[in-house]
Every structure is written in structure tokens, then in C-alpha cells.
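Under the numbering used here, the first residue of the sequence shown carries the number 8, and numbering increases by one thereafter. In what follows, a structure is listed as C-alpha cells, so that the remarks can point back to it.
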Amino acid sequence: MWGSATSSHQVEGSSNNNWVAWEKENAERLASGAKKKYRSWQQEKFPEMFEKENYISGMACDHYHLFEKDFDLAKEGGHNVHRFSIEWSRIEPEEGKFNEEEIEHYRKVIVALRQRGMEPFVTLWHWTEPIWFNEQGGWNNEKSADYFARFVEKIVGEYKDLVKFWVVVNEPNVSMGFGYFLGTQPPAKKGIVNFLNGYFNLFLAFKKSALLIKKIDANAEVGVANSITHYEAKIFPGLNFLIVSIIEFFSRYFLRKAIPYCTFIGCNYYSRYVVSFYKKEITQEKKTDLGWEIYPEGIHHILKSLKKYSLPIYITENGLADAGDTRRAEYISGHLQYIHKAISEGVDVRGYMHWSLLDNYEFPDTRGFWPRFGLIEIDFKTLERKPRKSFYEYAKICKSNELEIE
Ligand code: BGC
């Protein structure tokens with residue numbers, strides 16, 4: 008499968024969830040905080056980070072209204088799968104009351120994909136909370152897993168004949184880390200207690216939902232999209248292996264516990280992280296606009312490490328912030344070569360979904376609009392869509408199902 012991914016709040020616009028008010032209240036602080044948060048080369052290149060508007064999702068790409076246009080483009084790019092998320096706050100704006108119009112809206116979204124020959128890969132929770140859920144403590148509420156499972160039951164019941172692939176939650180570590188431990192994104196909770204409590208409730212929500220989905224549709228495919236970084240340690244030669252094992256033990260905890268309930272593994276890979284006393288400066292050609300190292304080999308290590316679970320793997324995200332589009336095509340082919348290497352060594356990888364189809368409101372750590380992840384460029388003022396050069400390069404791979412290997 009070849010395609011790309013988005014998430015509701017990042018592209019749809021006019022949301023009404025727990026991020027909206029928080030963004031407005033914190034935009035000024037975030038804009039002035041950019042001076043400390045980002046490096047000087049980033050500040051020079053992206054002065055938008057000092058503007059308040061950068062942090063307010065607002066209309067985003069207005070994908071809510073323009074989804075057909077966007078799917079026409081994805082089809083033109085040869086995509087045969089598309090990952091997106093259903094916005095819980097639209098479906099259940101008030102506790103226990105489902106909005107039938109919004110259910111119809113997402114039915115149209117799914118049908119629009121099918122009509123264009125794209126498999127819908129549906130995420131059920133990509134980090135936003137309905138306001139009522141947030142007001143009751145979010146994932147710190149002991150009933151949170153039941154609340155979420157009720158929503159999942161409704162959605163899966165509605166779309167079971169149209170959807171096969173369900174990504175129950177997206178990146179539990181990242182959402183809990185920024186949202187419930189560091190407090191740098193909504194719901195902006197802090198500390199280890201909130202984190203652990205939220206993490207385990209989210210796991211419970213996943214487990215209940217996965218069991219429910221299989222009960223409603225025995226043929227459904229169920230998974231989690233895990234953020235998997237490739238870790239290396241360069242501290243003491245004798246200890247490096249142990250250090251990486253400890254980091255991986257904790258960072259893959261959710262994944263390990265989730266495996267028995269999954270029929271596939273969703274892998275989000277972006278970069279490697281080197282644990283060291285000295286921060287080695289990454290050269291300009293090897294880093295993205297966010298300063299992340301471009302390290303395609305990492306995806307090979309990760310895929311090999313996932314082989315032991317004997318489950319099909321889908322790359323549910325892989326991409327980079329690259330406003331100039333000077334490295335995106337090479338980034339894609341570089342990673343695909345290493346995915347291919349893993350496949351030829353027996354890893355069962357079945358699909359690749361590039362992050363992202365569109366430039367969008369960059370979520371983690373509330374970075375806002377300046378990092379440009381899209382195969383398609385968005386002018387956020389006019390909402391004009393312009394496929395980048397890399398869109399067409401990737402289209403060649405998608406359409407031919409082939410990649411030249413050096
Ligand atoms: C998230 C996306 C995000 C992307 C790039 C992942 O952490 O799932 O929502 O935009 O990475 O940072």
C-alpha cells in the first residue's frame with residue numbers, strides 16, 4: 008500500500024475540542040517563547056514562529072470542507088491508502104450524545120476515499136479531547152476508558168462495512184509525554200502522577216476498544232501507531248547496549264503490552280536519537296527544518312527489532328519538515344530503500360504512509376504552522392493547494408510500485 012497520513016485537528020479546521028481555547032490562551036506566550044525554544048537558523052528562516060497566529064489552528068487547511076479536492080490530488084499522486092482520524096469531539100460533542108450529521112460527514116469522507124481507490128486507514132484517537140471529556144479530567148478520569156470505548160463502539164458499528172483498518176490510538180508516548188507530563192501541549196498537565204495515570208487509562212481504553220472492534224467485526228484489522236525512535240548510546244563502550252535496552256524497555260512498553268490485542272503494528276519513524284555527553288552538531292544537509300537528523304538506516308534497525316512479533320507492519324508515519332522541498336524526495340527514497348532491505352530480510356512490511364499529505368498544524372509540543380510536512384504545500388491564507396516536486400517523485404513510486412535501488 009502506498010499513501011499518506013493526516014489527523015483531524017491538524018488539517019480539518021473549525022474544531023471544537025480541548026485544543027481550541029488553549030491555543031488562543033497560549034498563543035502569545037508560545038510566540039515569544041520561540042526565541043528560547045528554536046535555534047537561530049530556524050528563527051531566521053521561519054519568522055512566522057514569532058507570530059501569535061502560528062499557534063492558532065483556526066481554519067487549518069479547511070480539509071473538513073475540501074476533503075474531496077485533497078483526495079483527488081492524492082489519487083493523482085497514485086496513492087491507494089489514506090490514513091486520517093475521526094474527530095471524537097465532532098461525533099460526541101456532548102457526553103453520550105452522538106451527532107448524526109457528523110457521522111454522515113465521515114461516512115462521506117470514507118466513501119470519497121473508496122471511490123478513488125484508496126483504502127481508509129482510520130485513527131480513532133489522535134490527541135484531541137472533547138471538551139466534556141477534558142472537563143472531567145481527560146485520561147486522568149477513571150471512567151475515561153469506558154467513555155472512549157463507547158465512542159469506538161458507535162463508530163465501528165457505523166462504518167464496519169466500509170472500513171477494515173483501525174488505528175485505535177496514535178503515539179501514546181508522545182501524547183502523554185507532552186500533554187500529561189511536560190505540559191507543553193493540551194491538556195497541559197504535568198508530573199509523573201498525571202502521566203502514569205493517563206498512560207494506563209489510555210492503555211485500558213486501547214485494550215477495551217481493540218476487543219470491542221474484533222467483537223463487532225471479526226475481520227477487522229486493529230493496531231496502534233507507535234512513535235519509534237532509533238536510539239543509540241555513545242557514552243561508555245561497555246554500557247551503551249544496556250543504556251539503549253533500558254530506554255527501549257520503557258519507550259516500547261505500550262507497544263509490548265498492546266501486541267496481544269493487535270493484528271498489525273503501526274510504526275511512525277522520523278529520526279534517530281543519540282544519547283551522549285557531547286551533542287554532535289548535525290550537518291545542514293542531514294537535518295530537517297525542525298533540526299531532526301535524517302537517518303534512513305534507523306528504520307531498518309527498528310523494523311528488524313519488530314520482526315519477533317510476527318505481525319504485519321505498516322509504516323503509519325514517516326516524513327520531515329522541509330519547507331523548501333529540497334530533501335523530501337531523497338528522504339522518501341532513502342527510507343524506502345531501508346524498508347526494502349528489511350523486507351528482503353523477512354520483515355513483513357505491507358504499506359507506507361507518508362506524513363503528511365498536506366502542510367498542517369504541527370501538533371507535538373504545539374509547534375504550529377511553520378514546520379512544513381506536506382507533499383502538498385498549503386497557502387494558509389488563500390487555502391490554495393500546490394503539490395510539491397516531491398509529490399510527483401513519490402507518485403512515480405506509488406504508481407509503478409517500484410523504486411530504483413542504488
Ligand atoms: C504525530 C503527528 C505529527 C508528526 C510530526 C507525530 O508525532 O503523530 O501528529 O505531526 O509526528 O511531528
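Glycine included, every Cβ here is placed at the ideal spot set by N, Cα and C.
Closest by C-alpha distance to residue i, when choosing among the options
i	options	result
residue 169	226, 178, 219	226
residue 13	252, 409, 364	364
residue 219	206, 379, 157	157
residue 38	46, 55, 27, 29	55
residue 331	268, 269, 359, 398	398
residue 347	410, 370, 376, 32	410
residue 402	378, 182, 361, 70	361
residue 167	390, 205, 355, 221	221
residue 359	273, 177, 267	273
residue 73	408, 391, 412	391
residue 52	379, 173, 234	379
residue 97	267, 177, 132, 368	132
residue 290	388, 264, 48	48
residue 40	389, 407, 374	374
residue 400	238, 286, 338, 268	338
residue 90	407, 256, 388, 116	116
residue 266	314, 237, 45	314
Delimiting residues of the alpha helix (DSSP H) encompassing residue i
i	result
residue 179	179–183
residue 201	199–223
residue 29	25–44
residue 166	151–166
residue 265	260–265
residue 110	107–122
residue 283	No alpha helix (DSSP H) holds residue 283; the beta strand (DSSP E) holding it covers 279–283.
residue 49	47–52
Contact belief for residue i with residue j at Cβ below 8 Å, rounded distance in angstroms
i	j	result
residue 15	residue 64	Actually they are not in contact, since the Cβ atoms of residue 15 and residue 64 sit about 11 Å apart, beyond 8 Å.
residue 183	residue 88	The pair is not a contact, with the Cβ atoms about 27 Å apart (cut-off 8 Å).
residue 217	residue 200	Not really, about 26 Å apart at Cβ, beyond 8 Å.
residue 203	residue 197	Incorrect: roughly 13 Å between the Cβ atoms, too far for contact.
residue 1	residue 105	The chain is shown only over 8 to 413; residue 1 falls outside these bounds and no answer can be derived.
residue 310	residue 354	5 Å
residue 18	residue 70	4 Å
residue 299	residue 278	4 Å
residue 344	residue 412	6 Å
residue 78	residue 114	Residue 78 to residue 114, Cβ: 14 Å. No contact.
residue 223	residue 165	That pair is no contact at about 10 Å.
residue 254	residue 268	In fact, because the Cβ distance is near 24 Å, the residues do not count as touching under 8 Å.
Beta-carbon proximity check, residue i vs residue j, cutoff 8 Å
i	j	result
residue 341	residue 303	yes
residue 118	residue 93	no
residue 280	residue 322	no
residue 11	residue 67	no
residue 396	residue 384	no
residue 271	residue 179	no
residue 336	residue 297	no
residue 194	residue 24	no
residue 191	residue 372	yes
residue 252	residue 208	no
residue 334	residue 306	no
residue 95	residue 127	no
residue 377	residue 61	yes
residue 240	residue 282	yes
residue 382	residue 84	yes
residue 140	residue 176	no
residue 293	residue 210	no
residue 370	residue 134	yes
residue 174	residue 234	no
residue 481	residue 259	Residue 481 lies beyond the residue range present for the chain, which begins at 8 and ends at 413; the question has no answer from this structure.
residue 147	residue 103	no
residue 59	residue 35	yes
residue 42	residue 50	yes
Span of the beta strand (DSSP E) around residue i
i	result
residue 238	237–241
residue 128	126–130
residue 392	392–394
residue 134	From DSSP, residue 134 is part of no beta strand (DSSP E); its letter is neither H nor E.
residue 9	9–12
residue 428	What the structure shows of the chain is the stretch from 8 to 413, and residue 428 is not part of that stretch, so it cannot be assessed.
residue 18	Note, residue 18: premise wrong, no beta strand (DSSP E); alpha helix (DSSP H) at 15–18.
residue 272	272–275
Contact test: residue i Cβ vs the ligand ADP heavy atom, cutoff 7 Å
i	result
residue 49	Among the ligands present in this structure, namely the ligand BGC, the ligand ADP is not found.
Kindly provide the ranges of any beta strand (DSSP E) runs that are 3 or more residues long and lie completely inside the segment 310–386, ordered along the chain. Within the segment 310–386, the beta strand (DSSP E) runs of at least 3 residues that lie entirely inside it are, in chain order, 320–324, 356–362, 383–385.
Entirely within the segment 59–97 and at least 4 residues each: give me those alpha helix (DSSP H) ranges in chain order. Runs of alpha helix (DSSP H) with 4 or more residues, each lying fully within the segment 59–97, are found at 70–83, listed in chain order.
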